[in-house]
């Protein structure tokens, strides 16, 4: 669903083309997709939380009316959020329901003669009573034998998802039934509820029920009461228009959006992250700030600032606006994938371990590499595949690294402690490198949830700060981590 | 490098399926952020008989950043310089992510219809335009004839 590209013009070939307006209104004017966590600006316009926050990072004004305002004035719109979730869940079936009408009207020649247009839709939505009567079952057999060509012609006309095909089938079947039943069954309209019923059933049971219901002051809704009684065709069930099987199956869906809206509350548990004026800060202060949030401190000053701003955006959007906030680890992963795609690794041609070389590896089959990198952003990241793909490079890097640091024992923690305890090493520079690496390691270990992915990311995102030793260390960790199943996944 | 945002795919689809009259925009095969654009000169302007070629590039930060547009066809216009750069507010300070390729190209077409010599990019053209509007328009017509493609009948 997320990966599908939908546009308002999907409604062009339906019986209600004007629905495109509704479809357009529910979309964000920045990303052109359905509003995701909508927020309201002080000027009254609505955007996705992330979209507008990203825009405000560039320019503090409303994209639609250029009204100037600060980010802190954004308010989430719970109602719109539920409306959109409700709408997007209904949209495919709605589209199908109003789209099938035309081709059916074109193929089924004789059925319109005795039914109003609307009854077609009513027919569509009524799969529960399939086995409620014997007649029905008989007809089903008849219908099934004739179904194939009909169904094929349907699929030729429309792209039908597998989900909806059953419904289409139901509809066709009921159509057949109607045709079959026409000669010996007369239809009549109930004067009270104005729906069509087989004449016999109408006289026998329905009228009474309708009258009773009316006298009780209820809106006559005979469908459920009426059907089991009548031995004949439940197909005329007057379900409300456009009710879809999806809804019928889970009526709780209908209320859950309402409940969710009623229960929605602004999240006050987490403090919003402030905007920071970086001009008065030096690099180490910025790094300190980032590391206090558990973020990577690699990269130039500009990248650090961008990284904070992006994280602040993700954080505030998630904890201040979203009704279903994800946890910090997830945010950090989103930040990492943003890092991957936006902050290209700086030139490190002199870094002879050549991560950039590793990245550029063209003979690896670009597509599978791309795919892995793509998946890196979500849960499906194929760790094994990644390791297998770069196994040779990992091995080479590890070998190189081992040659360099063979004087010291291999585990990180020991190294860190050793390096802390004794100030003199065999070669001062080496110890310094190792110390740096191990500190980094220890810090990351504390971030249990992120550490693994972060380690991988730091391989993807190398920069000048990262020495060969660091690199190989990360790689070794990764390989070790692979042997025992990671708990975080 | 980054994958193509949905928004760009949608806009491209819309441009192809529902084109603006007098404007075409086609993405390049190798780079879907690079568009080859043609704009027909608006009627009752000195450019009316010509079809002008432009290039349009969507930067990585699009839609947070304005698309980059440039005339490839030479044109005599006070707000378009010799290199084809365009002086248009929505491409610079007034860019907003709620705008899109379609609206930008429409603005450019409108700019052809109503040149603004008081906010010039090509100073000599603007001067000419202010001093002797008829002469400048005649020259613009002449340039259109010699550089722009003929509008198909």
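Residue numbers (the UniProt record's numbering), protein chains in the order written: chain A, 1 to 489; chain B, 1 to 153.
Beta carbons: idealized from backbone N, C-alpha and C, even for Gly.
Task: Rounded separation between residue 66(A) and residue 397(A) - CA only - done: 53 Å
Open item on the list: Which of the three DSSP states is assigned to residue 51(A) in this structure?
Closed with: helix
Task: Residue from 276(A), 322(A), 70(A) whose Cα sits closest to the Cα of residue 265(A) - done: 322(A)
Open item on the list: Taking 9 Å as the threshold (C-beta atoms), are residue 34(A) and residue 41(A) in contact?
Closed with: no
Task: DSSP state of residue 24(A) mapped onto helix, strand, coil - done: helix
TODO: Check the Cβ-Cβ distances between residue 66(A) and every residue of chain B, and say whether any is below 9 Å.
DONE: yes
Task: Under 9 Å by beta carbon: chain B residues contacting residue 260(A) - done: Going along chain B, no residue has its Cβ under 9 Å from residue 260(A), so there is no contact; the nearest lies around 26 Å.
- [ ] Taking residue 54(A) as the query, report the chain B residues whose CB atoms sit under 7 Å from its CB, ordered along the chain.
- [x] 64
Open item on the list: Suppose you measure from the CA of residue 404(A) to the CA of residue 394(A); what does that come to, to the nearest Å?
Closed with: 15 Å
Open item on the list: If we define contact as Cβ-Cβ less than 9 Å, is residue 36(B) a contact residue for chain A?
Closed with: no
- [ ] Report the three-state DSSP secondary structure of residue 76(B) (helix, strand or coil).
- [x] coil
Task: Nearest-angstrom Cβ-Cβ length linking residue 98(B) and residue 63(A), presumed shorter than 8 Å - done: 4 Å
TODO: Would you identify the three-state DSSP class for residue 32(B), choosing helix, strand or coil?
DONE: coil
- [ ] Take the Cβ of residue 80(B) as the centre, count every other Cβ of all protein chains shown within 10 Å, and call the residue buried at 16 or more, exposed below.
- [x] buried
Open item on the list: Under 9 Å, Cβ to Cβ, is there at least one residue of chain B near residue 306(A)?
Closed with: no
Open item on the list: Less than 9 Å between the C-beta atoms of residue 132(B) and residue 78(B), yes or no?
Closed with: no
- [ ] Compute the distance between the beta-carbons of residue 148(B) and residue 35(B), then report whether it is under 9 Å.
- [x] no
Task: CB contact flag (residue 54(A), residue 260(A), <9 Å) - done: no
- [ ] Indicate whether at least one CB of chain E lies closer than 9 Å to the CB of residue 58(A).
- [x] Looking for chain E here will not work: the only protein chains present are A and B.
TODO: Just tell me which of 68(A), 311(A), 320(A) has its CA closest to the CA of residue 334(A).
DONE: 311(A)
Task: Helix, strand or coil at residue 76(A) [DSSP, three-state] - done: strand
TODO: Give the single residue among 43(A), 59(A), 304(A), 270(A) whose Cα lies nearest to the Cα of residue 328(A).
DONE: 270(A)
Open item on the list: Taking the beta carbon of residue 134(B) as the centre, do at least 16 other beta carbons fall within 10 Å, making it buried, or is it exposed?
Closed with: exposed
Task: Cβ-Cβ separation, residue 75(B) to residue 143(B) (assumed contact under 8 Å), whole Å - done: 6 Å
Open item on the list: In the DSSP assignment, the alpha helix (DSSP H) including residue 308(A) goes from what residue to what residue?
Closed with: 301 to 316
Task: chain A within 9 Å of residue 25(B), Cβ atoms only - done: no
Task: Close beta carbons around residue 453(A), own chain, < 7 Å, minus the five adjacent residues each side - done: Confidence is the limiting factor: at residue 453(A) the pLDDT is only 49, short of 50, which leaves the residue's position unreliable, though a coordinate-based value still follows. So the list reads 333, 336, once near-sequence residues are dropped.
Open item on the list: Using C-beta distances below 6 Å, list every residue in its chain close to residue 45(A), excluding the 5 sequence neighbours before and after it, in chain order.
Closed with: 62, 64
Open item on the list: Restricting to Cα atoms, I'd like to know which of 62(B), 91(B), 122(B), 119(B) is closest to residue 4(B).
Closed with: 62(B)
TODO: Give the C-beta separation of residue 317(A) and residue 37(A) to the nearest angstrom, bearing in mind that I take them to be a contact with Cβ-Cβ under 8 Å.
DONE: 6 Å
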